[in-house]
Every structure is written in structure tokens, then in C-alpha cells.
Amino acid sequence: MVETRPRLLVEHMLLSFLLWQFGFRHGSSETTTELDPKEVVVLNLILDKLRYSGPSYSNSSICHYGDLETIKLKINCTEDCGHDKNSYCHIKDFSFTGAALTGFIPEEVEELKHLETLDLSGNQLTGSIPDTLWNLSSLIQLDLSMNQLNGGISKRIESLRNLTILDLSGNQLTGSIPDTLWNLSSLIALDLSRNQLTGGISEHIQFLRNLTALYLGYNFLSGQIPSSLGALRSLQTLSLSYNELSGPIPYQLGNITALQTLVLNQNQLSGRLPPSFSNLSNLQNFWAASNDLTGEFPDYATLTQMNVFSISGNYMSGPFPADFIRNWTLISHLSILGNNFEGSLPAELFSFSSLDYLTISDVANSGFQFPRTANLSNIETLILRNCSITGEIPEYIGKMSNLEYLDLSFNILTGRIPQSMSGLNLTHLSLAKNKLNDTIPAWLVAVKTRLDLSYNSFSKVSFGVPDDMRDHLNLFACCRSSSLTDPDQLFVDPKKRMPTHCPRRKSKSRSLFINCGGEGLTVGDKYYEADNSTSLYYISPSKTWGYSLSGDLSPESNSSNFIQTQSCGIHVAESDLYLKARIAPLFLSYYAFCLQKGKYNVTLHFAEIVFKEKESYSILKRRVFDVYIQENRVLMNFDIAKEAKGPDEPQTKYFIADVSDSVLEISFYWAGKGCADDPPTLNGPLISAISITPVPQRSALWRKLKKALIITLPSSVVVLLLLLAFMWKIGWLGKRELSEIQIGQDKHVTLQELIGATRKFSSKMEIGRGHFGRVYKAELEGGQTTVAVKRLSTNSKEKVEELLNEFYALKSLRHENLVQLLDAYFGEGLHLLIYEYMPNLSIADAFFGSKSRLKFNWENRFNICLGIARGLDHLHEHPRLKMVHRDIKAENILLDGALNAKISDFGMASLYTEEEQLMIIKVEAPNGHMAPEYVVQGFVTSKVDVYSFGVLILEIVSGKKNAGYKFNHESEYLLDMAYVAYKNGSLVDLVDKNLSGNYDAKQAITILTLAVMCTNISPTLRPRMADVVSILVGEKTFEQINRPTVDDHQLNVAMAHGECTKADSSTSTDVSARASTSTKLIKGIEETEIHYAEPDLEILEESQTSFSG
């Protein structure tokens, strides 16, 4: 700074002279507004560093200076000045926007100490925000948006106590949001969107009580949405889109009754939509697309002000929300793509004249037909894809004069294309995958739009197809007849609904290799044919393969977008295969037309080469699609980047396919999941290369063996027959050897292959053992498929038969938090259950195992607890198979590759006799995870599982086992510690110290309070698992669930008839006494003989009907 002072003095003198000259030429007034000379110098320096060059101006004209059209500079000064010679004005507002300034924000800005407004938005300023800026304590509005500023947000921002508007959006700011920012209690509007901020959103955001608008979208924020946002009752706009936020949507957001716009797009939010949102009577715009939301739709009939509503790209299910959508008469934008809804669409939608954007897809069993009349006079985009719509296309669609984008593909529409549609100015029309018939009308040849009529049953095309239409017209498999003007328009087999095309006299091959989107190239000894056409459909020059794609990337995109190019290379042996890829907006099918009959290995090569840039936030997008081979789905919700653990990483999938009629079909379908842009923006299916080779045959070996047998047959036939008889007798041949075992969807192996994969139940393949037997890992299909094989240890034929009778019921239990039972084998001396494989084994292994390398943060632990709760709720409340597990513990909760919790060993209780169950209780009781009434009385209800769940979540949160440490002295039970901590108000002291304080304290208290409630010695005072889930996802409070139910009353009556002391059902607050009682019950197991009570049978039957399976 010292070196610049002489220069500043010269600049000041020069500027004063220029200003005097300017004032002299323009005349001077007797009354002038004199700016502080020091600020004149600072202003000149600031303009210089902002790289501004403009016209000169006088001292008196600086204040209230504004010429927005030419130099876009505006300056206002304080008003209480200029009355005497000792009084100077000061710059109060400085705005220089949209002027393409390329400099940086100078540190000297702090000299403008009276500045209240600083607006430098819409330029190209670089560098970081100078630390001196935070000294401007008078600032009320600060707008530095839409520049190229980098670095972080300083903690010193809290010094701007008067700030009401803060806009730093559209820069390249990094780091986390400083906690000190939440001290700016005067803020009304905060916009930090479109940066590269990381970390979480603090619960301290609740201190911004005056906030009306909050924009944090387009960053890389993670963690959960803080429930304390619900305290911001003045908030009208909340935008958190395009981040990495996870966990449930807090129900507390339903308290923000002033909320008008809520944007949660493109995150990783899970759970259900909060029913509490029905309180948001002012809500007009709601976006929650591209998340992981599940469950059924709450009743939002009260949201009658709804204008924009989008939940596309999620995993919600249940009935289509037709009832309350009928009340949304002001709706203009409705998007419900993807999801898993079923049922009919509301006909009232077609009478909403306010609608200009309606997109719905993938609704099962709708049975919907277009209503007779409609009033969609303002509709511009209409997508009703894969909604099982039947009937004909109505004539009134041709009267929707504003319609530009129409997609009715993947339905069951019949009849003709209405003539009235010829007058529409469409940019895109897709009627693919229907049953439309009659003639394709000639007026379509004049339509210069994306037109997809593929996969229909038209009788013929009434016009020739010019070559220049190939890029926007798809007639692939459009017609029933092969008598078409274009030889490449394949006809459809009406029985199989598949294209059939293998030229006559064309020899059939045994292999095919395609470099999707790329040039022809040789990799090893394989030649991959070129696939670089930009047409919507293509038949290879050899006529042996072809492709067809559906959809449009965007109304203005050109066909070259269907081929994407790798920008930085993939370093693997077959890297050339990943240089380019073919992408499809919606649907892409490849066909091999001339294959010999037989089994084929199908290898699909993938790599995410599009969604990978942080600068464009595309890396936050997820490409999720399904893969079909021969019309059988082999991959569902396939995410390339997730499977490959990042972009620019190869991912190869292997399958086996049967070819019986020379045609092999491989299809890729975007079902609206993941990134839900529609019209699509590069978010559809992507494939890099396809390899088709024959499954190796053993025919040559068999011929040699047969020849040898013929030679030696006379001398060995007797020995061979005796050997075969012996192998049959001991079970090596026959049903046991040839039995098919299911290991996945449409995947089967023989029992012999399965046993071989376990290395004949080798101890080296053993991954677990328990009361029911041992569990082995089995890798099949060359390591591409892995399953877990449980070999049951019971020898009771009656018990095995009982389990066999229940097998199909158990197999039908499908839930994301239950380990899926794939198949079973019950043979002489061998009883197997085949489950999906869990790569991270059990919670016991992961948390307490000596070899575990897994690290669990708070989010992992919370989601594991929530997953277990949801799995138990499903078992307890299943409409047909209500079931009590009886043995919930760390060993029986498995973790998949994403650390999702899945319950195992459900439905196994039938394998044990009463004596065996007694022995198990004796062994397990000292660990303290079994409910007292089960240990002492043998009494079984769903509340037994609730108790065990409470103990288990204590272990997960604390990282300690319930019992075992200090075992040689007076055993210290974690449950005792929890009761004491609950009484003392110090539950957070139980949280695992390895988390180093990095956890959500409010969530921790919630979970630990639930643990105490779940382990209440009185079963009637334990919550139901459904209530536990509701609390964890924020749908209910503790006050709403802490009431015994009618079934709980029956439970207490039944227990009262037992021989042992009735469980304490008092509501005493002496938790220490309850803890002591609980511990004594468990400790006493080792010292006393356990026996079952003899409860009243009628009451017991009623209770079991309610609770057990």
C-alpha cells in the first residue's frame, strides 16, 4: 500500500483537474453536491481495477449518476450533505451491472464506508471476494451474482449485520457455507445457487426468521434437509435443486404456510412425500423430480392453488393420484413421468384449459380411453407414454392449435391417424409402439418434424420416403406387410410383435460385433462393425443387423446428438470401444437378423461419458434405464455411473440368450427414472458396444466320448449300469443333479452348478453361521452373479415340509429392506435356501467384526435404522403374511453394496421344536436383545421384535454391543446406560465417539428416545413399527404415538394369564427402576430353568391372529 500512495496522489490531482475542466465547460451551479475527495480517488481506482473505460464526469455529477443503456453504471449518494463547506456527500449505492467487466473486486472497496448497496452482477469478474469487503458494515444489499468469482465465503460475512439481500449466485465459489452466515438475522433474500459449494445445510438456518426467499440449488451440498427450516414461517420460495441431499423430506416443511414455491429436483431424497404438505394452502409450484421417493401419494386435495407440480423420475407407487388432482383447476404444468403408479388417469385433466404442459408415463393397468370431449386449448406439450391407453386417437387433438410436442407412444392405441392433425405445427410426434392400422397418410411427408411411427400395424405407406427424411422420420417395423416402398422398412411379425428380416439366400452367422456410435475397428481378434449413422433407424449394408430409436433429444437438436464422443479417454485394454457411444432419448433397439439357432453370450459395454462435468452440474444427473434381451428385462433401473463407481469408467454386463428364429433383439428403455428431463436432454439409454458370440458347445467332445463308448461298450456296459444305479441311489444323479435353481430374474443354474460354486460347501466359502445352519457364497456365470446359499441344519422331516409349504409365501415377500429369497431346494439329506448376496455381510461383521474396514458416518447409521424399521413394519403389517421375526439382532441384519439394511432369517421359526427354541433362548438371552416376556414366558407378538429393534438401534448409534464388555465382572448393559441417560437428559452421550461430533443431534435424540420407548418392559407401551417409521421420516411426533392400542390391551390380558409376574405397565417415571428390572430378568436366565407359561388359549389365539404369521 505504501508504494501506491504517490500514484494515488497524482491520480487524485489529475482527476480533480479533469473534473474542474468538465465542470467549467458545462457551467457550474451555485448549489453543488460535493463528494468526499477521498471517495473520488477510491472510486476512480475501483473503476480502473474493474477495467472500465468510459466518459469523464464532474465531481458534482458523480452523485445520482446513471446511464444504464450506455455504460450501465449507477451511483447514488447520501442526501444529508452539501449544506456547508465542511460537509461532503458519500457514495451510498454503487451499481455496475451487465457491462462485461473483466477485472476483479479491489480491496479498496472498503473505503466506501457509507455504502449500502453494492451491485456488480452480470459481469465477468474473476478472483476471490476480497476480505476487506466484509468491513462494509452499512451494506444492506450485496449482489455479486453471475460472475466468475472463486474461492470460499469468508466467516467474516457475519459482520454485515444489516444485510437484507445477499446474492452470490452464478459464480465458482467452493467450500462449505460458513455457520456465521446464519447469524445475519436481517436477511430477507439469500441466493447462493449455481456455485460449487459442498458440505451440509446447518440446522442454524432457523435463525434467519425474516427470510422470504432461499436459493441453494445447483451446488454439491450433501446431508439431509434440516428440519429447522420449518421454523422459517415467512419463507415463500425454497429452492434446493441439483444437489446431493439425501434422506427424507422433513415433515416440518409443512409448517411453512406462506410457502409458494418449493424446488427439490435432482437430489437423492428418499422416503415418502410428507402428508403435512397438505397444510401448504398457498403452494403454487412444487418440483421434486429426479429423486428416490417411494410410497403412495398423500392426499393433497387442499392444494387448490397448485400451478406447477412435478414428481417425475421417482419410485413412488400405489394408485394414480386421480382424486385430488381433479381439484387442481389452476394447474398449468403437471409432470408425473416414471414412477410405478397404477390405475386410471382422471378424465377431468382434459377439461383444464389452463394446462400447457402435461406429461405422464409408465402407469400400469390404467385402462384409460380419451374422453369424448376436451378443452386443452392452451396445451403445448402433451406426453401420455406407456399408460396402457386403449381406443383411438380423438379428432380433437388436431384442434389443439398450440400443441408442439405430442408423444402417445408405448400404448395400445388402434385405428388411424386423424386427418385433423395435419394442421398442427408440431416439432415432435411419436406414436411408436402402438397398434395403429390403416394407411400412413400422405400429408405426413410434408411435415418437417421428428416423426416416429415405428412398431405399429399400419397396412402400408402411401408415399415414398425421400432420403432427406431419414433423419426425422422413423418407419421401422411400422407395417404388417413387407410390400413397402423402402426396403429397409421391416415388417412386423403379427404373432411375436418383432421385426423379421433375414434376406433370402443369406447365410446365417454365429457372431456379431457392433461399435455403437463409432467407426469400424478391430479389438483383439474381433472386428466391430461401424455404427455411425445419424438416422432414426438403420439397416447395415450386409442386412444382418440394424437399430431403431425413439424420442427426441429436444425440439431444436439435430440427429448428430444421437452419437456422443468421449473427451478424455478410458484406460482399459478395449479403450477404443468407449471413444463413442450411441444415445437414445427414450428407446433404442438393436437387432441381429441372421443368427443360427442356439444359445449366445451377449456382452454389453457401457461407460458414462456424458454426465460427468462439475461445471455444468451434469455429474449430478443420473442415467437410469432398463435393458431387455428377447423382450425379457435383464437389467432394471440400471445406472452406469453408479455401477462403475463413477463416470469415464467401463462397465460390462454379460447375458445368455436363446435364438430360435434367427433374430436377436436387445432393447434399452428409459422408464422416466433418474434424470427426468422431458423432452430429454441426453438422459436416455446409452450403449458403447455389443458383442454376440455362441455359447461353447460340447458336441465335439461328446462325439469323441460316444465313439469311445461304442468301442468299449461290450466290456463295460454292466459296470456302467451298476455305477449309474449307485449314483442314482445316493442322489448324485436324477432330480438332485438336474434340478434347476433360480439365481435371479430369468437366471437358472443346476443344483450341481450351485454346489460346485460353493466348492461343495467348503469352509473357505462360508460367510456366516447361525441357529438354522451355515451360509455359503456361490459365484456363478463366470463371477457375474453371486448368491448366498443357506444349508439348513435341521433333520426334522416334518419341520422341513412345513417350511416347504411356506416357501412360496416367503418368496413372495418383496421389500427393499428384506433379503430376497430367490429359490429353495429340499431333497434327501440336503435342504438349501438361495438368497440374494449381500457384499457387506451383517451389521455384526461391519460394526463389531475384527476384520471390518467399513466406516459408518451418521447418515449411514440413520438410514440403516430407518431401513430396519421399514422392513419390520412390512413383516408386521403385510396384508396377507403378518409375521413376527423373533430374532432381530446385528447378525440377522445384512448390508448390501450401498449399505442399505436388509433383514434376513424371517419365517425360520417353524424349523424348531419347542425344546430347540428353549435352548436358543438360553443361549441368546444373555446378549440382551430378546424381550423379557419372550424370554420368561415364551409369549410372541410383534412387540417382541420392537424390543429387539430398540436394542439394535442402540448398538448402531453407540457402536457398542448391548452386553459383553466388562463381562468378567458385573456385566454392563447398554440398555441400562440408555435408561439412565434418558432420565438425566444426556442421551447424546451415547453416540459413538468415533463420529467425532459429526452427527445430527436432533436425529440422534429422536433415535435414542425411540430405543428407550421400544425397550419398555411393558409391551403395551412399546410403539408399533409403523409408528417408529412415521417418527423417523418426520410424519408423526412422539405425542401422537405414545398410546397403547386395543391390540396392546389384549396383549396385557393374555400375559396376565401366564404363570410369571405380569410385566409392569405403569407409567412411572422411575426409569432406573425399570432398567434394573429389565436387566435382572435377562441376567436371571442363566441361573433359572426357563419354561413357557400356559396362557388362556382363546385370548392367545386372538393375539396371535393380530400379530403373528
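Residue numbers (mature numbering (1 follows the signal peptide of the UniProt record, and there is no 0)): -29 to -1, 1 to 1080.
By construction, the Cβ of each residue, glycine as well, lies at the ideal position given by its N, Cα and C atoms.
Could you name the residues of the same chain whose beta carbon sits closer than 8 Å to that of residue 397, not counting the 5 residues immediately before and after it, in chain order?
These residues qualify, in order along the chain: 374, 375, 376, 377, 418, 420.
Counting only the same chain and skipping the five closest in sequence on each side, list residues whose C-beta sits under 8 Å from that of residue -22.
Unreliable placement is indicated for residue -22, whose pLDDT of 38 sits below 50; the coordinate value is still reported in the next sentence. Cβ neighbours of residue -22 beyond the five flanking positions: 12, 16.
Around the C-beta of residue 394, are 16 or more other C-beta atoms found within 10 angstroms, so that it is buried, or is it exposed?
It is exposed - the Cβ of residue 394 has fewer than 16 other Cβ atoms within 10 Å.
Would you report the Cα separation of residue 445 and residue 354, rounded to the nearest angstrom?
One C-alpha to the other measures close to 18 Å.
Quick check: the Cα distance between residue 94 and residue 583, rounded to an integer number of angstroms?
Computed Cα separation, rounded: 27 Å.
Just mark residue 824 as buried or exposed, buried being the case when its beta carbon has 16 or more other beta carbons within 10 Å.
Classification for residue 824: exposed.
I'd like the list of long-range same chain contacts for residue 59, defined as Cβ closer than 7 Å, with 5 residues on each side in sequence excluded.
Same-chain partners within the cutoff: 5, 6, 7, 52.
Roughly how many whole angstroms lie between the Cα atoms of residue 530 and residue 487?
The predicted model places residue 530 with a pLDDT of 42, which falls under 50 and marks its position as unreliable; any figure quoted below should be read in that light. Cα-Cα distance, rounded: 15 Å.
Closest to residue 276 by CA distance: which of 288, 283, 294, 298 is it?
The candidate whose alpha carbon is nearest that of residue 276 is 298.
Within the continuous beta strand (DSSP E) that includes residue 487, where are the two ends?
483 to 487 is the extent of the beta strand (DSSP E) around residue 487.
Is it right to say residue 150 is buried, meaning 16 or more other beta carbons lie within 10 angstroms of its own, or is it exposed?
Residue 150 should be labelled exposed.
According to DSSP, is residue 520 helix, strand or coil?
Note: residue 520 maps to strand in three-state DSSP.
Does the pairing of the stretch 786 to 798 with the stretch 811 to 818 give three or more beta-carbon distances under 8 Å?
Result no; under three Cβ-Cβ pairs closer than 8 Å.
Would you tell me roughly how many angstroms separate the C-alpha atoms of residue 868 and residue 812, rounded to the nearest one?
Cα to Cα, residue 868 sits roughly 9 Å from residue 812.
Between the Cα of residue 384 and those of 997, 358, 993, spot the shortest distance and give me the residue it belongs to.
The option with the nearest alpha carbon to residue 384 is 358.
Is DSSP giving residue 358 helix, strand or coil here?
Residue 358: coil per DSSP, three-state reduction.
Does the ligand GDP have a heavy atom nearer than 7 Å to the CB of residue 828?
The model depicted lacks the ligand GDP and carries no ligand whatsoever.
So what does DSSP say about residue 189, is it helix, strand or coil?
Reduced to three states, the DSSP call for residue 189 is coil.
Determine the extent of the alpha helix (DSSP H) in which residue 972 is found, giving its start and end residues.
Its alpha helix (DSSP H) spans residues 972 to 985.
Use the C-beta contact count for residue 620: other C-beta atoms within 10 angstroms, 16 or more gives buried, fewer gives exposed.
Buried, because 16 or more other Cβ atoms sit within 10 Å of the Cβ of residue 620.
How big is the Cα-Cα spacing for residue 900 and residue 738?
One C-alpha to the other measures close to 23 Å.
Of the choices 249, 657, 931, 356, whose alpha-carbon is the least far from that of residue 1006?
With distances taken between Cα atoms, residue 1006 lies closest to 249.
What does DSSP give as the partner residue(s) for residue 399 in the beta ladder?
DSSP, once it has assigned bridges, lists 376, 421 as partnering residue 399.
Return the chain-ordered list of same chain residues with a C-beta closer than 6 Å to the C-beta of residue 258, the five sequence neighbours on each side being excluded.
Hits under 6 Å: 234, 236, 281.
Looking at the structure shown, is residue 326 part of a helix, part of a strand, or coil, going by DSSP?
Correct three-state label for residue 326: coil.
Under 8 Å, with one C-beta from each stretch per pair, do the stretch 844 to 859 and the stretch 798 to 809 reach the 3-pair mark?
Short answer: they don't touch.
In the structure shown, what three-state DSSP assignment does residue 604 receive?
Residue state, collapsed to three classes: strand.
Secondary structure at residue 474, three-state DSSP: helix, strand or coil?
Residue 474 falls in the coil class under three-state DSSP.
Starting from residue 537, trace the beta strand (DSSP E) both ways and give me its first and last residue.
Unbroken run through residue 537: none, as it is neither H nor E.
Going by DSSP, name the residue or residues bridged to residue 258.
Partner(s): 234, 281.
If you follow the beta strand (DSSP E) that residue 509 is in, where does it begin and where does it stop?
From DSSP, the beta strand (DSSP E) with residue 509 extends over 508 to 510.
Terminal residues of the continuous alpha helix (DSSP H) containing residue 613?
That run of the alpha helix (DSSP H) goes 611 to 615.
Whole angstroms is fine: what's the gap from residue 1113's alpha carbon to residue 927's?
The shown model of the chain, from -29 to 1080, leaves out residue 1113, and the question about it has no answer.
Cβ atoms of residue 256 and residue 287: under 8 Å apart, would you say?
Contact flag unset, no.
Assuming contact is defined by CB atoms lying nearer than 8 Å, are residue 657 and residue 604 in contact in what I supplied?
The answer is no: Cβ separation not under 8 Å.
How close, in whole Å, do the beta carbons of residue 423 and residue 391 come, if the pair is a contact with beta carbons under 8 Å?
Actually they are not in contact, since the Cβ atoms of residue 423 and residue 391 sit about 20 Å apart, beyond 8 Å.
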